[in-house]
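Here's the structure, in structure tokens; my notes come after.
In UniProt numbering, the protein residues as written are 1 to 81.
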């Protein structure tokens with residue numbers, strides 16, 4: 001067995017959370033985190049807690065997906081091409 005896969009979350013978790021990540025991506029499409037501040041596409045700073053919470057949830061989920069062993073393996077394979 002490949003040791004890099006032992007810390008992976010179950011596939012069901014990823015299947016359940018992917019739609020959440022997709023929904024957050026759409027909700028935050030006009031928002032960016034710049035120098036620790038949330039801004040819209042016009043550069044206006046956003047102070048809404050609801051948007052901050054969505055960005056926090058998005059970043060947390062994105063880190064988990066990007067850090068998953070299967071994604072890391074695919075990234076390594078693409079770099080070798």
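By construction, the Cβ of each residue, glycine as well, lies at the ideal position given by its N, Cα and C atoms. Since this is a predicted model, take the numbers as computed values, not measurements.
Residue environment: residue 24 is assigned as buried (16 or more neighbouring CB atoms within 10 Å of its CB, all protein chains considered). Residue 64 carries a helical assignment under DSSP once its states are collapsed to helix, strand and coil.
One thing to note: residue 20 has its Cβ within 8 Å of the Cβ of residue 61. DSSP places residue 31 within a strand segment (E or B) once states are collapsed to three.
In the structure shown, the three-state DSSP call for residue 38 is strand.
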